[in-house]
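Down below is the structure, laid out as structure tokens.
Numbering (my numbering), first residue to last: 18 to 79.
Spelled out as structure tokens, the structure:
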């Protein structure tokens, strides 16, 4: 997880083993949070492989 406040990387604070927080001073800020789940890439690869095999099965059994 990458968190940027006013275009500067900020280390997140884990709260109650489930939530993510950040410490901010008072005022107006621009906050950007980038998050990619751990299983996203293997899940995409598995889905594409499954679709490919499904289409091969359909074409072969026409």
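Glycine included, every Cβ here is placed at the ideal spot set by N, Cα and C.
Model, not experiment: these values are computed from the prediction.
Taking the C-alpha atoms as reference points, what is the distance between residue 29 and residue 60? Near 26 Å, if we compare the C-alpha coordinates of residue 60 and residue 29.
Can you look up residue 56 in the DSSP assignment and give me helix, strand or coil? Of the three classes helix, strand and coil, the one that applies to residue 56 here is coil, per DSSP.
Unbroken beta strand (DSSP E) run spanning residue 21, endpoints: DSSP places residue 21 inside the beta strand (DSSP E), whose first and last residues are 19-22.
Between the segment 18-28 and the segment 50-65, are three or more C-beta pairs nearer than 8 Å? Touching, per the Cβ criterion.
Candidates 31, 39, 35 and 56: closest to residue 25 by CA position: Of the candidates 31, 39, 35 and 56, 39 places its Cα closest to the Cα of residue 25.
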